[in-house]
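Residue numbers (this note's numbering): 11 to 146.
Where a beta carbon is used, it is the ideal one built from N, C-alpha and C, also for glycine.
Everything on this sheet refers to the single structure shown next.
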Amino acid sequence: MNLIQQIKAAQSYANISDDAHRQNVLQVSQYRVSTCTKLTTQQQEQLLTRYRRMNTNKQKAKAKLPEALRHIYRLWGLLAKKGLVNVDSKQACETFCAKYTNGQSLYKAQKHWQRLIEILKNWLERGQVNEHNQRV
């Protein structure tokens, strides 16, 4: 991906309008050019750096889920791989877990996480035992 493409992608991710983009190009070029294709390579890199700093989505995406919650989603995925649940999605996991969290969103139900982990682990274990017994 060349610098122009990276600039356009960063512009899109940071939700920068075309008018604001033109203004940024003018500022970086010290009001000499109004399109990023006419910028020097150094100016294009400056513009790209500016847009990357403006991208707030990147910071939100890096926020990690708590380990216990990630473990719940991992267990749900294992249940799906074993064929014990039909839908392998976070939404399906949330719907199942809502029964045990009094309808509260899974992310906000920290006090229920350990219990949910045990429920899912036991379910996975029962599924493996049944699978093993059927083979014999």
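Cβ of residue i within 8 Å of any chain D Cβ
i: LEU116; result: The structure shown contains no chain D, having only a single protein chain.
Same chain, Cβ closer than 7 Å to residue i, neighbours up to 5 away in sequence not counted
i: HIS122; result: TYR110, THR111
i: ARG32; result: SER44
i: LEU75; result: none
i: CYS46; result: ILE14, ILE17, VAL35, GLN54, LEU57
Within 8 Å, strictly: CB atoms of residue i and residue j
i: GLU128; j: LEU116; result: no
i: ALA78; j: GLN124; result: yes
Rounded C-alpha distance that separates residue i from residue j
i: ARG106; j: ASN12; result: In the sequence under discussion, the amino acid at residue 106 is Phe, which differs from the Arg named in the question. The straight-line gap from Cα to Cα measures roughly 45 Å.
i: ALA108; j: GLN138; result: 25 Å
i: VAL38; j: GLN53; result: 6 Å
i: GLN120; j: LYS48; result: 53 Å
i: LEU126; j: HIS81; result: 10 Å
i: LEU85; j: GLY93; result: 12 Å
i: ASN25; j: ARG63; result: 12 Å
i: VAL97; j: ASN65; result: 33 Å
i: SER99; j: GLY113; result: 18 Å
i: ASP202; j: THR50; result: Here the chain comprises residues numbered 11 to 146, so residue 202 is not present and cannot be evaluated.
i: GLN151; j: TYR83; result: With the chain running from 11 to 146 in the structure shown, residue 151 is simply not present.
i: SER27; j: ARG42; result: 20 Å
Same chain, Cβ closer than 8 Å to residue i, five either side skipped, listed in chain order
i: GLN21; result: HIS31, TYR61
Same chain only: Cβ atoms within 6 Å of residue i, ignoring 5 sequence neighbours per side
i: VAL152; result: Nothing about residue 152 can be reported from this structure: the residues present for the chain run from 11 to 146 only.
Check whether the region 15 to 34 and the region 56 to 63 are in contact - that is, three or more C-beta pairs closer than 8 Å. yes
Mind the definition here: the region 83 to 95 touches the region 130 to 140 only if three or more C-beta pairs lie below 8 Å; say whether that holds. yes
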